[in-house]
Amino acid sequence: MALYVVRRLLVNVLVFVLISVGIFSLVRLAPGDPVRMMVNPEQMQSGGAAFIEAKRHELGLDRPIVVQYGNWLADAVRGDLGYSYVGHRPVSAVLGERVGPTLQLMGAALVVALVVAIALGVAAAVRRNSAVDYGATVIGLTAVSVPPFFLGIVGIYVFSLKLGWLPSAGMTTPGDGGPLDQLHHLILPGLILAFVTAGPFTRYVRGGLVDELGADYVRTAEAKGAGPVRVVLRHALRNSLIPLITVVMYQIPQMLAGAVVIEQVFAWPGMGQLAVSSIGQHDYPVIVGFALYVAVLVLICNLVADLLYAAVDPRVSLR
Amino acid sequence: MTIRSGMRRRAGRYSRGRIGGRGAAAALGAVLAAGTLAACSSDPTQEGAGDAGVLNMYLYQKPKTFSPLAPNNGPDQLVMSFIFDSLYGADGSYELTPRLAEAAPEVSDDAKTITVKLRPGLKWSDGKPLTAKDVVFTYTALADPETGSAQSGKFAAVEGAKELADGEADTLEGVTAVDDTTVKITTSRPAAGLPGLIGNTPIIPEHVLGQVPEEGLGDNAFFTKPTVSSGAFTFVQYKTDQYVELAANPNYREPVSIEKVYLKPVTSDVATAQLGTGEMDLVQVAPTDLPTVEAMDGVEVVTAKSPGFNRIAINQSQDRFKDVKVRQAMLHAIDRKGLVDKVLGGAGTVVDSSFYGELAPAGEGYPYDPAKAKSLLAEAGWDASEPVTLSWVPGQRDRDTAATVIQSQLAAAGMKVELEQVQVDALLSSYEDRSFDLALFGGGNYATEPSTVATIDGCDAGYPDGGNISHFCDEELDGLLERADGVSDPAERKALFKQAAEIEQAGVPYLWLYNPDTIWAYRTRLSGFEPSGMPTNELGFWDFANWKLS
Numbered sequence: 000m001a002l003y004v005v006r007r008l009l010v011n012v013l014v015f016v017l018i019s020v021g022i023f024s025l026v027r028l029a030p031g032d033p034v035r036m037m038v039n040p041e042q043m044q045s046g047g048a049a050f051i052e053a054k055r056h057e058l059g060l061d062r063p064i065v066v067q068y069g070n071w072l073a074d075a076v077r078g079d080l081g082y083s084y085v086g087h088r089p090v091s092a093v094l095g096e097r098v099g100p101t102l103q104l105m106g107a108a109l110v111v112a113l114v115v116a117i118a119l120g121v122a123a124a125v126r127r128n129s130a131v132d133y134g135a136t137v138i139g140l141t142a143v144s145v146p147p148f149f150l151g152i153v154g155i156y157v158f159s160l161k162l163g164w165l166p167s168a169g170m171t172t173p174g175d176g177g178p179l180d181q182l183h184h185l186i187l188p189g190l191i192l193a194f195v196t197a198g199p200f201t202r203y204v205r206g207g208l209v210d211e212l213g214a215d216y217v218r219t220a221e222a223k224g225a226g227p228v229r230v231v232l233r234h235a236l237r238n239s240l241i242p243l244i245t246v247v248m249y250q251i252p253q254m255l256a257g258a259v260v261i262e263q264v265f266a267w268p269g270m271g272q273l274a275v276s277s278i279g280q281h282d283y284p285v286i287v288g289f290a291l292y293v294a295v296l297v298l299i300c301n302l303v304a305d306l307l308y309a310a311v312d313p314r315v316s317l318r
Numbered sequence: 000m001t002i003r004s005g006m007r008r009r010a011g012r013y014s015r016g017r018i019g020g021r022g023a024a025a026a027l028g029a030v031l032a033a034g035t036l037a038a039c040s041s042d043p044t045q046e047g048a049g050d051a052g053v054l055n056m057y058l059y060q061k062p063k064t065f066s067p068l069a070p071n072n073g074p075d076q077l078v079m080s081f082i083f084d085s086l087y088g089a090d091g092s093y094e095l096t097p098r099l100a101e102a103a104p105e106v107s108d109d110a111k112t113i114t115v116k117l118r119p120g121l122k123w124s125d126g127k128p129l130t131a132k133d134v135v136f137t138y139t140a141l142a143d144p145e146t147g148s149a150q151s152g153k154f155a156a157v158e159g160a161k162e163l164a165d166g167e168a169d170t171l172e173g174v175t176a177v178d179d180t181t182v183k184i185t186t187s188r189p190a191a192g193l194p195g196l197i198g199n200t201p202i203i204p205e206h207v208l209g210q211v212p213e214e215g216l217g218d219n220a221f222f223t224k225p226t227v228s229s230g231a232f233t234f235v236q237y238k239t240d241q242y243v244e245l246a247a248n249p250n251y252r253e254p255v256s257i258e259k260v261y262l263k264p265v266t267s268d269v270a271t272a273q274l275g276t277g278e279m280d281l282v283q284v285a286p287t288d289l290p291t292v293e294a295m296d297g298v299e300v301v302t303a304k305s306p307g308f309n310r311i312a313i314n315q316s317q318d319r320f321k322d323v324k325v326r327q328a329m330l331h332a333i334d335r336k337g338l339v340d341k342v343l344g345g346a347g348t349v350v351d352s353s354f355y356g357e358l359a360p361a362g363e364g365y366p367y368d369p370a371k372a373k374s375l376l377a378e379a380g381w382d383a384s385e386p387v388t389l390s391w392v393p394g395q396r397d398r399d400t401a402a403t404v405i406q407s408q409l410a411a412a413g414m415k416v417e418l419e420q421v422q423v424d425a426l427l428s429s430y431e432d433r434s435f436d437l438a439l440f441g442g443g444n445y446a447t448e449p450s451t452v453a454t455i456d457g458c459d460a461g462y463p464d465g466g467n468i469s470h471f472c473d474e475e476l477d478g479l480l481e482r483a484d485g486v487s488d489p490a491e492r493k494a495l496f497k498q499a500a501e502i503e504q505a506g507v508p509y510l511w512l513y514n515p516d517t518i519w520a521y522r523t524r525l526s527g528f529e530p531s532g533m534p535t536n537e538l539g540f541w542d543f544a545n546w547k548l549s
């Protein structure tokens with residue numbers, strides 16, 4: 000097990016370096032010039048060209064891309080991801096302050112999504128082909144097929160504008176920012192992200208439980224006189240949740256994509272908003288930093304999924 | 000799926016997984032709880048929206064930095080207009096108004112010496128005196144490209160600016176503090192327009208930044224959190240992407256009754272919605288949102304004429320656009336009055352030159368006349384088979400609509416136009432390599448200092464050395480603008496600018512479309528707010544002392 004983890008970590012480091020090369024080259028080779036975007040042509044006085052040239056030199060953008068990558072890697076190994084072109088602050092600090100809001104949004108959404116998905120999935124599996132099952136299917140399909148931004152806009156219209164129950168944007172009321180105020184702001188974006196995420200989970204729970212309920216050991220348990228609640232919750236459900244753990248871990252990076260959209264719609268100050276605005280401004284160091292953050296997240300989630308799977312299901316061994 | 004390569008199922012054992020399962024669930028729960036808790040840090044201040052004394056205002060984009068040395072960026076400037084003060088501002092008729100200065104600048108007869116008197120007893124927000132030395136420090140930093148200043152071009156006329164820029168001098172010879180309240184500026188050529196060009200730059204504190212090395216001064220941490228300032232408000236914090244928090248400056252030269260301001264960068268849709276819910280007090284709205292905000296209860300809408308514009312640059316490095324008749328034909332072909340009426344709902348003005356107000360050319364200009372457009376194109380020998388591309392950055396509703404209208408109207412006059420939506424930097428690089436045909440864009444203000452028109456029309460100001468995107472060139476216009484800068488008498492200057500405006504109008508460097516009015520909507524609990532026709536990012540036009548909240 001320990002050997003397995005070490006080996007996987009080493010492979011991940013290699014994958015990580017390859018990803019960094021890929022991201023770095025893609026970002027640099029994509030059309031666009033961050034320096035040119037810094038100056039409004041209307042505001043160009045004499046000396047505009049000189050400013051652009053000087054800035055390009057200052058940022059090292061006039062050097063060959065291999066040299067740029069080398070410099071970047073040397074710094075990155077020491078934990079220095081460079082400075083944001085736009086904010087003039089270290090990338091790690093810029094990213095660092097965005098992790099919290101995104102984790103809050105995703106964490107809350109994940110918990111709600113799991114609770115809802117398990118409840119709905121169990122109900123659907125136990126009462127197969129009933130109104131409950133069909134209802135769960137419709138809800139699940141809606142969650143998968145309606146784009147999150149649309150749900151966001153509808154949510155703002157109904158709950159903020161028409162009913163006035165929930166705030167329309169931001170993570171806090173300016174000047175307040177207490178836990179209750181944050182929670183109030185979290186409800187709408189959190190529930191929408193939870194809804195979108197719960198869709199696929201429900202299908203997994205239902206499918207897994209249906210399979211397990213048909214298994215031999217369930218019949219054995221029933222024959223031994225276990226009641227239906229005990230059979231479903233103690234025996235079948237526990238086993239059916241094993242694949243869900245893997246699915247959840249794989250779903251986390253996907254959730255981040257959903258969070259990017261939700262953050263845009265609700266002006267939620269997380270990683271997603273940062274990524275979108277950095278791409279718009281060609282803020283190379285931040286884009287690379289963000290992409291690597293996502294890469295690390297995917298690698299960790301995959302590793303954790305494997306380890307959890309082994310921990311939960313003793314039939315699995317790791318080599 | 001390499002992820003699973005190390006995994007193998009062992010058959011036959013499945014009953015003893017309980018402890019591992021619980022551990023996993025606990026770990027997952029702990030991760031989630033940690034994430035949620037980590038994000039739940041609370042803010043010490045406990046004032047909510049809607050408080051008397053707390054103003055929530057819309058910021059149309061996220062600010063980047065609050066540095067006067069950085070390239071001008073609208074939202075940055077807007078925040079700076081609250082926290083920094085400048086020597087001069089401008090009023091509704093674009094005349095220079097003294098702010099930190101006591102009176103209008105004294106310009107010598109040869110227009111080579113400018114003397115500015117500061118108001119007595121000025122203070123920084125930390126209580127330290129604000130003196131002429133701060134002005135000298137600021138202007139030296141702005142003129143020195145080594146600080147990262149993007150503004151050094153504005154100081155070209157100042158004596159010693161070249162030596163400073165070339166690294167041959169450490170100080171800006173032409174800017175000196177005669178005493179605590181007197182700044183003397185000498186120039187190497189007549190430059191009567193200099194106060195209008197540099198006067199609205201925020202003054203920065205020497206006692207805070209004086210010891211910082213010049214190199215990279217503009218990127219100093221001070222400019223992400225300007226702790227000492229001279230404006231009506233002080234900077235409290237910028238909660239990234241959420242809001243900029245400002246508090247009344249007790250040392251401001253006039254009492255300010257609004258205690259706190261939150262500037263909130265959200266999308267215009269959200270801003271409009273929040274105006275309705277009361278989460279926002281003051282919003283600048285697009286003409287297309289006018290009907291929505293007008294229907295809101297407890298919301299007042301005010302408009303003002305503005306020198307901000309939408310126009311089309313014509314790439315005159317291409318031979319086919321060099322004939323002025325072609326450019327004039329295009330102006331006649333476009334129904335600009337119709338655009339204002341239909342696209343802006345009437346909230347705008349058709350203009351015919353870069354000069355505004357009294358200086359604008361009199362008369363009809365270029366009325367909508369498709370027949371005349373056709374005949375002008377014929378006279379110029381226009382090749383109708385060769386298409387023209389109109390490029391613009393999409394996203395602003397009035398511009399998006401205008402582009403399609405213009406396409407069909409130019410087509411009616413015999414010009415084949417293809418529309419091309421591009422990204423900002425693609426548009427900018429097409430300026431630089433001169434590969435665009437027509438480019439629709441907006442912005443600008445040449446109202447407070449008309450001589451700045453030279454930066455967009457001048458023969459030697461071709462992009463990217465200057466802002467002349469069209470690569471238009473008329474030496475007579477250049478000469479007039481230069482002469483105007485050498486005259487200290489305001490009436491005489493005005494006469495020269497009027498002449499320049501007529502030459503510019505005849506030469507059509509750009510296709511001027513319209514100046515949209517500035518539209519403001521605010522909750523009625525705010526009083527004393529005067530809409531200003533100045534672009535929102537212009538420093539020195541707000542009258543904060545009059546703003547009151549109930």
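Residue numbers (numbering that gives the first Met the number 0), protein chains in the order written: chain A, 0 to 318; chain B, 0 to 549.
Note that the Cβ used here is the ideal one computed from N, Cα and C, for glycine as well.
Mapping the DSSP letters down to three states, classify residue i as helix, strand or coil.
i, result
"Lys263 of chain B", "strand"
"Gln103 of chain A", "helix"
"Ile22 of chain A", "helix"
"Met270 of chain A", "helix"
"Asp305 of chain A", "helix"
"Asp50 of chain B", "coil"
"Leu216 of chain B", "helix"
"Met79 of chain B", "helix"
"Arg7 of chain A", "helix"
"Lys550 of chain B", "Residue 550 of chain B is absent from the model: chain B starts at 0 and stops at 549."
"Val143 of chain A", "helix"
"Leu121 of chain B", "coil"
Got a sec? Which residues, its chain only, sit under 8 Å from residue i by beta carbon, not counting five neighbours each side?
i, result
"Lys54 of chain A", "Val34 and Met37"
"Val561 of chain B", "In the structure displayed, chain B extends from 0 to 549; residue 561 of chain B sits before or after that span and is not available."
"Ile244 of chain A", "Ala304, Leu307, Tyr308 and Val311"
"Leu296 of chain A", "Ile251, Pro252 and Leu255"
When you compare only the Cα positions, how much space is there between residue i and residue j?
i, j, result
"Gly20 of chain B", "Arg237 of chain A", "Summary for Gly20 of chain B: the model assigns pLDDT 38, below 50, so the residue's position carries little reliability; its value from the coordinates is reported in the next sentence. Cα-Cα distance, rounded: 9 Å."
"Trp71 of chain A", "Gln408 of chain B", "52 Å"
"Phe154 of chain B", "Arg398 of chain B", "34 Å"
"Ser229 of chain B", "Glu253 of chain B", "11 Å"
"Arg310 of chain B", "Ser428 of chain B", "18 Å"
"Ser19 of chain A", "Asp340 of chain B", "53 Å"
"Met270 of chain A", "Val98 of chain A", "6 Å"
"Leu27 of chain B", "Leu102 of chain A", "Note that Leu27 of chain B scores 37 on pLDDT, short of 50, meaning its location in the model is unreliable and no value can be drawn from it."
"Leu291 of chain A", "Phe15 of chain A", "8 Å"
"Phe149 of chain A", "Gly443 of chain B", "35 Å"
By Cβ distance below 7 Å, which residues in the same chain neighbour residue i in space, the five residues on each side in sequence not counted?
i, result
"Gly297 of chain B", "Arg522 and Thr523"
"Gly209 of chain B", "Phe136"
"Ser469 of chain B", "Ala312, Ile313, Asn314, Gln315, Pro508 and Tyr509"
"Pro284 of chain A", "Leu80, Gly81, Tyr82, Ser83, Tyr84 and Val90"
"Gly152 of chain B", "none"
Less than 6 Å between C-beta atoms, sequence neighbours within five positions excluded: which residues of the same chain meet that for residue i?
i, result
"Met248 of chain A", "Cys300, Val303 and Ala304"
"Thr552 of chain B", "For chain B, the structure presents residues 0 to 549; residue 552 of chain B sits outside this window and is missing."
Would you mind giving the Cβ-Cβ distance between residue i and residue j, rounded to the nearest angstrom? I have them listed as a contact below 8 Å.
i, j, result
"Leu77 of chain B", "Gln150 of chain B", "In fact, because the Cβ distance is near 17 Å, the residues do not count as touching under 8 Å."
"Pro264 of chain B", "Pro74 of chain B", "7 Å"
(request) Give the residues from the segment 47-64 of chain A that approach chain B closer than 9 Å (Cβ to any Cβ), ordered along the chain. (result) Going along the segment 47-64 of chain A in chain order, one finds Gly47, Ala48, Ala49, Phe50, Ile51, Ala53, Lys54 and Glu57 with a Cβ nearer than 9 Å to chain B.
(request) Could you list the residues in the segment 138-170 of chain A with a C-beta less than 9 Å from some C-beta on chain B, going in chain order? (result) Ile152, Ile155, Tyr156, Ser159, Leu160, Gly163, Pro166, Ser167, Ala168, Gly169 and Met170
(request) Give, in chain order, every residue of the segment 262-279 of chain A whose Cβ lies closer than 7 Å to some Cβ of chain B. (result) Ala266, Pro268, Gln272 and Ser276
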